[in-house]
Structures are given as C-alpha cells and as structure tokens.
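K.L.:
The working numbering applies: residue 10 is where the sequence shown begins, and numbers increase by one. By construction, the Cβ of each residue, glycine as well, lies at the ideal position given by its N, Cα and C atoms.
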Amino acid sequence: MSKQKFLVPMSSPDLDQSDQEAVLETLKTNYLSIGPKIKAFESQICKFTGAKHAIGVNSGTSGLHLGIRALNISQGDYVITTPFSFVSSTNVILFEKAIPIFVDVDPKTGNLNTEIAAQAVKDIKSNDPAAKQKWLPRKNGKGTGTLRSILAVDVFGQPADYDELNKTADQYALAVIEDSCEALGAAYKEKPAGLLGDMGVFAFYPNKQITTGEGGMIVTNDDKLAEMVRALRNQGRAPGDTWLQHTHLGYNYRLDEMSAALGVSQMNRVGQLLENRRNVANWYSTKLEDIDGVEMPYIAPSTTKMSWFVYVIRLDASIDRDQAAAELIEAGIPVRPYFLPIHLQPYIAEQFGCKIGDFPNTEDIGNRSLALPFSGLMTKTQVDLVCEILTDCLQRL
Ligand SMILES: *Cc1c(COP(=O)(O)O)cnc(C)c1O
Numbered sequence: 010m011s012k013q014k015f016l017v018p019m020s021s022p023d024l025d026q027s028d029q030e031a032v033l034e035t036l037k038t039n040y041l042s043i044g045p046k047i048k049a050f051e052s053q054i055c056k057f058t059g060a061k062h063a064i065g066v067n068s069g070t071s072g073l074h075l076g077i078r079a080l081n082i083s084q085g086d087y088v089i090t091t092p093f094s095f096v097s098s099t100n101v102i103l104f105e106k107a108i109p110i111f112v113d114v115d116p117k118t119g120n121l122n123t124e125i126a127a128q129a130v131k132d133i134k135s136n137d138p139a140a141k142q143k144w145l146p147r148k149n150g151k152g153t154g155t156l157r158s159i160l161a162v163d164v165f166g167q168p169a170d171y172d173e174l175n176k177t178a179d180q181y182a183l184a185v186i187e188d189s190c191e192a193l194g195a196a197y198k199e200k201p202a203g204l205l206g207d208m209g210v211f212a213f214y215p216n217k218q219i220t221t222g223e224g225g226m227i228v229t230n231d232d233k234l235a236e237m238v239r240a241l242r243n244q245g246r247a248p249g250d251t252w253l254q255h256t257h258l259g260y261n262y263r264l265d266e267m268s269a270a271l272g273v274s275q276m277n278r279v280g281q282l283l284e285n286r287r288n289v290a291n292w293y294s295t296k297l298e299d300i301d302g303v304e305m306p307y308i309a310p311s312t313t314k315m316s317w318f319v320y321v322i323r324l325d326a327s328i329d330r331d332q333a334a335a336e337l338i339e340a341g342i343p344v345r346p347y348f349l350p351i352h353l354q355p356y357i358a359e360q361f362g363c364k365i366g367d368f369p370n371t372e373d374i375g376n377r378s379l380a381l382p383f384s385g386l387m388t389k390t391q392v393d394l395v396c397e398i399l400t401d402c403l404q405r406l
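(1) Spatial neighbours of residue 301 within its chain, please: C-beta separation below 8 Å, excluding the five flanking residues on both sides.
(2) With DSSP as the reference, identify every bridge partner of residue 208, one or two as the case may be.
(3) Skipping 5 residues on each side, what residues in its chain have a beta carbon closer than 8 Å to that of residue 102?
(4) Straight-line CA distance for residue 371 to residue 378?
(5) Which same chain residues, not among the five before or five after residue 151, have their C-beta less than 6 Å away from its C-beta?
(6) May I ask whether a heavy atom of ligand 1 can be found less than 6 Å away from the beta carbon of residue 162?
(7) Could you tell me the distance, in whole angstroms, from the CA atom of residue 211 to the CA atom of residue 400?
(8) Please classify residue 409 as buried or exposed, where buried requires at least 16 other C-beta atoms within 10 Å of its C-beta.
(9) What are the residues that DSSP puts in a beta bridge with residue 65?
(10) May I have a chain-ordered list of the beta strand (DSSP E) segments no shorter than 3 residues that lie completely inside the stretch 319-380?
(11) Which class does residue 201 belong to by DSSP, given the choice of helix, strand or coil?
(12) I'd like to know whether the C-beta atoms of residue 245 and residue 258 end up nearer to each other than 7 Å.
(13) Indicate, with yes or no, if ligand 2 has a heavy atom lying under 6 Å from the CB of residue 95.
(14) Of all the options 263, 268, 241, which has the alpha carbon lying nearest to the alpha carbon of residue 255?
(15) Who does residue 261 pair with in a DSSP beta bridge?
(16) Quick one: grab the DSSP three-state call for residue 286.
(17) What does a CB cutoff of less than 7 Å around residue 406 pick up in its chain, not counting 5 residues either side in sequence?
(18) Run through the DSSP bridge pairs and tell me what residue 57 is partnered with.
(19) What's the gap between the Cα of residue 393 and the Cα of residue 387?
(20) Can you tell which of 61, 111, 174, 136 has its C-alpha closest to the C-alpha of residue 197?
(21) Excluding five sequence neighbours on each side, which residues of the same chain lie with their C-beta closer than 7 Å to the C-beta of residue 216?
(22) Please list the segments of the alpha helix (DSSP H) lying wholly inside the stretch 130-195, counting only runs of 4 or more residues, in order along the chain.
(23) Just mark residue 189 as buried or exposed, buried being the case when its beta carbon has 16 or more other beta carbons within 10 Å.
(24) Using CA coordinates, which residue listed in 339, 311, 310, 343 is at the minimum distance from residue 320?
(25) Among 251, 221, 202, 385, which has the Cα closest to the Cα of residue 283?
(26) Check whether the stretch 37-51 and the stretch 126-138 touch, using three or more Cβ-Cβ pairs below 8 Å as the test.
(27) Considering only C-alpha positions, which residue in the set 341, 49, 122 is nearest to residue 270?
(28) Any idea which residues DSSP pairs residue 87 with across the strands?
(29) Does residue 10 come out as helix, strand or coil in the three-state DSSP assignment?
(30) Distance check for residue 304 and residue 323, CA to CA, integer angstroms please.
(31) Check the C-beta distance from residue 80 over to residue 98 and give it rounded, since I have them as a contact under 8 Å.
(32) Measuring alpha carbon to alpha carbon, tell me which residue in 294, 307, 223 is nearest residue 22.
(33) Could you check which residue in 373, 193, 38 has the C-alpha nearest to that of residue 317?
(34) Please name the residue, chosen from 86, 234, 181, 111, that lies closest to residue 105 on a Cα-to-Cα basis.
(35) Shorter than 6 Å, the distance from the beta carbon of residue 249 to the closest heavy atom of ligand 1, or not?
(36) Please state whether DSSP places residue 30 in a helix, a strand or coil.
Structure representation (structure tokens):
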C-alpha cells in the first residue's frame with residue numbers, strides 16, 4: 010500500500026508559522042553557520058535541562074560519536090550497551106573500532122538491566138578469565154581491551170535506571186554516556202534526562218519531541234568534556250586555534266543556523282509540544298486498556314516524567330505480530346516493529362557472531378512490539394480510529 014493511502018501518518022513534525030518565519034528570517038542574514046542561532050538554541054537547552062554546557066551538533070548520532078571520541082574510547086576498548094535501541098547507539102562504538110558488550114534489558118521497561126550490567130562489569134574487571142570471557146562476543150572481541158564505559162539508552166522516552174548504573178560505574182571508574190535521543194523532557198527521580206550520566210545526547214530528527222530537520226545536542230556538566238566535544242565538532246579547533254589551526258583530528262558536525270533557528274522556535278513552545286504528546290498517549294492508554302492481547306507501555310516508578318517519543322504496545326505471544334502489522338498496514342494504519350534487536354542486524358551478527366537466543370528479553374520485546382501512529386498533532390478521532398481498527402484486526406487473528 011502506498012504511503013498516501015494511510016488513514017493517519019506514522020508520525021508528523023509539529024511546525025507552525027513561527028517556525029517557518031524563524032527559518033526564513035535566518036535566510037535574510039549573513040549567518041548560515043556559526044552564528045547567533047546555535048548559541049541561542051544551546052542556551053535554551055541549558056536552561057531547559059539545567060545543564061552547564063550544551064553543544065549543538067548536526068545529528069544525534071554525531072553527538073554520541075563525539076562522546077565516544079571525547080572519552081578517548083578507542084580500538085579494542087569495551088563499552089557496555091543495550092541491544093534494544095536504534096542502531097546508532099552501537100554504531101558510534103564501532104566507528105572507533107571499540108567493542109560493544111551487549112547486556113540484556115529489563116523485560117518491563119526495555120532499558121538496560123542494571124543487575125546484569127553490574128555483573129558484567131564485575132566479571133570483566135575481575136582477574137578470572139572464564140568469568141570475563143562469557144560476556145565477550147563469540148567473534149572479534151576476545152582481545153585484551155579495557156572496559157571503559159556504559160552507554161545506556163532512554164528507550165521510547167523513559168530514562169534507564171541511572172542510580173544503579175552510576176553506582177556500578179563509580180565503583181570501576183567507568184564513564185556513563187546517556188543516549189537521551191528519545192527522551193528530551195523526561196525526568197528520572199525528578200532529575201532531567203540527558204544529565205543522568207557524565208554526558209547525554211538529544212536528537213531532533215522530524216519524529217522526535219522537537220525537530221530541527223536533522224540535529225542533535227550534547228549536554229554535560231563536565232567542563233573538560235564540553236571543551237573537547239566543542240573542538241571535535243568544529244574540525245578539531247581547540248580554544249584559541251584560528252580557522253586553519255587544528256589541535257585535534259575533528260569533524261564537521263556543526264548544526265547550521267537555519268536548523269538552529271528552527272530549534273529555538275520549537276524550544277519556545279517545548280512545554281506545549283510535550284503536553285500534546287502526553288495527551289495523545291493518554292488517549293491511547295485509555296482506549297487500549299481493556300483490549301485482550303494488548304500490553305500497554307510500562308512506566309517505572311523512577312520515571313517521574315515520561316517524555317512520549319513513540320507509543321509502543323506489545324502483543325500477546327499467541328498473536329502473530331508480523332501478520333497483525335501487515336493487516337493493519339493493509340487497513341491503512343501504519344505500524345512498525347520497534348526495535349529489531351541490534352545484535353541480530355546482519356552486520357553486527359556477522360562481525361561478533363551473535364545468535365538468536367543471546368538476549369532473550371530484547372528478542373521477546375522485539376518480537377511482540379508494535380509502534381502505533383504517534384505525534385503531538387494526532388486528534389482523539391484519529392486515536393480512536395487506530396484503536397478500532399487494531400481491535401478489529403486482533404479479533405480476526
Ligand atoms: C533518534 C535516535 C538517535 C540519533 O538519531 P539521529 O537520526 O542521528 O539524530 C540515537 N539513538 C536513539 C536511541 C534514537 O532514537
């Protein structure tokens with residue numbers, strides 16, 4: 010079925026006239042890059058999260074990559090991370106030829122399982138080769154690398170359990186990177202997402218809570234890390250370097266001024282944007298509560314503020330999820346399995362020898378999850394329509 014025939018879109022950015030004007034105004038100036046808009050956008054993010062530093066970049070992936078670089082994570086180093094995520098949280102580790110050590114997730118939240126992570130850290134840091142080996146990949150990872158970091162993901166807008174992760178990390182002097190690309194505006198025990206580890210990253214692709222088209226933002230309270238990621242995003246220019254002086258091997262990961270202007274405009278109404286998404290999520294939850302075979306999103310007590318990125322249900326194991334998805338799409342409702350486990354993506358499975366069965370919780374969620382159409386622009390009528398067609402479809406299956 011072609012996209013045009015969908016009854017509701019899978020997602021849509023919430024753009025208004027002030028957003029359009031903000032971008033247009035920028036085009037009437039001489040500053041298309043490294044101008045006032047990125048500075049304004051960064052200070053808004055600082056204010057919103059309470060971060061000491063915010064560094065705008067051209068994608069969430071770029072932000073995560075700079076985190077890995079700034080922490081000096083390099084060839085052969087180990088990074089503990091989750092196989093239940095969007096691939097870029099693992100890709101940035103691979104960009105530097107470091108080795109992801111996957112740890113299974115909590116079956117309820119889908120976030121990194123902190124007990125398993127703690128055990129993995131303890132074993133990898135121990136002097137017992139057998140204990141260590143069982144966490145390392147079957148292929149291409151049995152080196153003598155050093156465990157350097159935990160890269161956790163705030164899946165679907167819900168923060169991971171950072172009190173536990175930080176406790177483990179502190180014990181072994183590991184850095185904690187928070188992939189908060191899905192969680193702008195969320196809070197964990199009243200603390201803002203993005204600042205729950207040593208550094209965090211937000212993303213602004215069109216389906217995220219706010220958008221800049223493409224874009225991302227690193228947040229941290231660490232002066233040294235901030236200085237390094239600022240240099241690395243700007244062709245390796247350290248403070249004091251001229252345009253043609255490059256202290257470090259860097260990148261062009263800058264966020265342009267048109268995108269930053271859109272970011273500023275979106276942040277001016279971020280509260281409303283988040284509230285609209287919350288309302289849509291609440292409509293879904295009310296409607297789906299009593300439907301047989303549907304498991305609702307689980308919100309942990311530590312999540313004092315959920316920031317709705319997507320609305321993902323899980324179908325009962327007895328229901329053929331792929332068939333349900335196909336029928337919904339046929340009926341005009343776009344849905345997506347969310348996520349396909351990272352360890353089973355062909356290039357990862359091939360490189361590290363991962364197999365089905367390696368991370369049962371991740372695979373179970375991956376097999377049963379279904380992201381429903383979601384955005385802050387959805388109307389109650391649209392939510393009702395999706396739920397009716399879903400109910401209908403599940404009754405027939
Ligand atoms: C969106 C997202 C990213 C980054 O995406 P970009 O498209 O590079 O901005 C990273 N991690 C997760 C979990 C995401 O959802």
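P.N.:
Checking against the coordinates, here is how it stands:
(1) Counting only Cβ-Cβ distances below 8 Å, and skipping sequence neighbours, we find 325, 403.
(2) In DSSP, residue 208 forms a bridge with 186.
(3) Result list for residue 102: 77, 82, 88, 90, 108, 109, 160, in chain order.
(4) When only Cα atoms are considered, residue 371 and residue 378 end up about 10 Å apart.
(5) The beta carbon of residue 151 lies closer than 6 Å to those of 145 in the same chain, with the five residues before and after it left out.
(6) Because some heavy atom of ligand 1 lies under 6 Å away, the Cβ of residue 162 counts as near it: yes.
(7) Looking at the two C-alpha atoms, the distance is approximately 34 Å.
(8) Given a span of 10 to 406 for the chain in the structure shown, any question on residue 409 remains unanswerable.
(9) Paired residues: 226.
(10) Correct list: 320-324.
(11) Strand, per DSSP.
(12) Less than 7 Å separates the beta-carbon of residue 245 from that of residue 258.
(13) Ligand 2 is absent from the structure shown, which contains only ligand 1.
(14) Of the candidates 263, 268, 241, the residue whose Cα lies closest to the Cα of residue 255 is 241.
(15) When beta bridges are read from the DSSP output, residue 261 appears opposite 243.
(16) Look at residue 286 here: in three-state DSSP terms it is helix.
(17) Leaving aside the five residues that flank residue 406 on each side, the residues in its chain whose CB is nearer than 7 Å to its CB run, in chain order, 328, 329, 332, 333.
(18) For residue 57, DSSP records no beta bridge to any residue.
(19) Their backbone Cα atoms lie some 10 Å apart in a straight line.
(20) The residue with the shortest Cα to Cα distance from residue 197 is 174.
(21) Around residue 216: 20.
(22) DSSP runs (the alpha helix (DSSP H)) wholly in the stretch 130-195: 138-142, 171-180.
(23) With 16 or more neighbouring CB atoms inside 10 Å of its own CB, residue 189 falls in the buried class.
(24) Between residue 320 and the set 339, 311, 310, 343, the nearest pair of CA atoms involves 343.
(25) Nearest of 251, 221, 202, 385 to residue 283, Cα basis: 385.
(26) By the criterion of at least three beta-carbon pairs nearer than 8 Å, the stretch 37-51 is not in contact with the stretch 126-138.
(27) With distances taken between Cα atoms, residue 270 lies closest to 49.
(28) Partner(s): 108, 156.
(29) Bear in mind that the predicted position of residue 10 carries a pLDDT of just 47, short of 50, making it unreliable; the figure below should be weighed with that in mind. In the three-state reduction of the DSSP assignment, residue 10 falls in the coil class.
(30) Spanning the alpha carbons of residue 323 and residue 304 requires a straight line of approximately 5 Å.
(31) In fact, because the Cβ distance is near 14 Å, the residues do not count as touching under 8 Å.
(32) Looking at the Cα atoms, 223 is the closest of the given residues.
(33) The residue from 373, 193, 38 with its alpha-carbon nearest to that of residue 317 is 193.
(34) Nearest of 86, 234, 181, 111 to residue 105, Cα basis: 86.
(35) Checking the Cβ of residue 249 against ligand 1 gives no.
(36) In the structure shown, residue 30 falls within a helical segment according to DSSP collapsed to helix, strand and coil.
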